[in-house]
Amino acid sequence: MLTFYTANTPNGHKIAIALQELELAHETRRVDLNAGEQHLAPFSEMSPNHKIPLLVDGEQAIFESGAILIHLADKVGRLLPAQGEERSRVLQWLFLQMAHIGPMLGQLWYFRHGTKEHNAQALERYEREVRRLYGVMETQLQRNEWLAGAQYSIADVATFPWLHSYHELGLDIAAWPAVQAWLARIEQRPAVRRALAGQQGN
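Following this note's numbering, the numbering of the sequence shown begins with 76 at its first residue and continues without gaps.
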């Protein structure tokens, strides 16, 4: 049995979606971030960075959402090619999400909603970079149905919850029609609907 530790955040949503897409039986355990449960044992001992998500698969505890997605996809043999150029392409787009989209959108969200002090310079900096990243996604999705090409993959699973937060970031998604269409395609997937419904309210 897989045990999935999560909260209602984009990074938690990634793994919830993957578990549903891959049809993996699992137990979900909520971590109350506002109460600081991420800093308490046994969670803190399994997740050295004290962040969700965390997946326990048998005796193995896996932290960091990218590592969890790769583990799950390889475990089932879906959403990530086993080898070669196609696998590399999926991993490139996955790591772009990890290194750029998550951190930059997260910073923009923080300076819009997470602090009481208005910081115009930070808002300008992060909104400019977020718009650039949406543009990168727009160019790719004008050429391809999915981020890594013709097949839906963990790159899409990882990126969707972040780009789907455009309304919270004060962005007009109509500026990126290919991204808007891609979001709509993913929103219609039954596994995604189940995953997001199960994550609400945490």
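The beta-carbon is built from N, C-alpha and C at its ideal position, and this holds for glycine as well.
Sorted by chain position, which residues of the same chain lie with C-beta nearer than 6 Å to ALA82's C-beta, five sequence neighbours on each side aside?
VAL106, LEU108, ILE127 and ASN277
Is DSSP giving THR234 helix, strand or coil here?
helix
Taking DSSP as the reference, what is the three-state secondary structure of GLY141?
helix
Could you give the first and the last residue of the continuous beta strand (DSSP E) run that contains ARG105?
101-105
Examine the Cβ distances between the region 168-181 and the region 198-210 and report whether three or more of them are shorter than 8 Å.
yes
Who are the near neighbours of GLU160 in its chain, counting only those whose CB is closer than 8 Å to its CB and skipping five residues on each side?
none
Using the beta-carbon count (16 or more within 10 Å), is ALA91 buried or exposed?
buried
Along the chain, where does the beta strand (DSSP E) containing TYR209 start, and where does it finish?
Not the beta strand (DSSP E): TYR209 falls in the alpha helix (DSSP H), residues 195-218.
Any chance the region 240-250 sits against the region 183-202, with 3 or more Cβ pairs inside 8 Å?
yes
Helix, strand or coil at LEU246 according to DSSP, with G and I counted as helix
coil
What's the call for PRO85, buried or exposed, on a 16-neighbour Cβ count within 10 Å?
buried
Is the region 248-257 touching the region 189-197 in the sense that three or more CB pairs, one from each, lie closer than 8 Å?
no
Please name the residue in GLY273, VAL232, HIS239 and ALA256 whose C-alpha comes closest to that of PHE170.
VAL232
Less than 6 Å between C-beta atoms, sequence neighbours within five positions excluded: which residues of the same chain meet that for LEU154?
ALA148, SER228 and ILE229
Would the beta-carbon of HIS101 fall within 8 Å of that of MET76?
yes
Work out the CA separation of GLN182 and GLN196 for me, nearest whole Å.
12 Å
Quick one: what's THR84 bridged to in DSSP?
DSSP output for THR84 lists no bridge partner at all.
First and last residue of the uninterrupted beta strand (DSSP E) at LEU129
129-132
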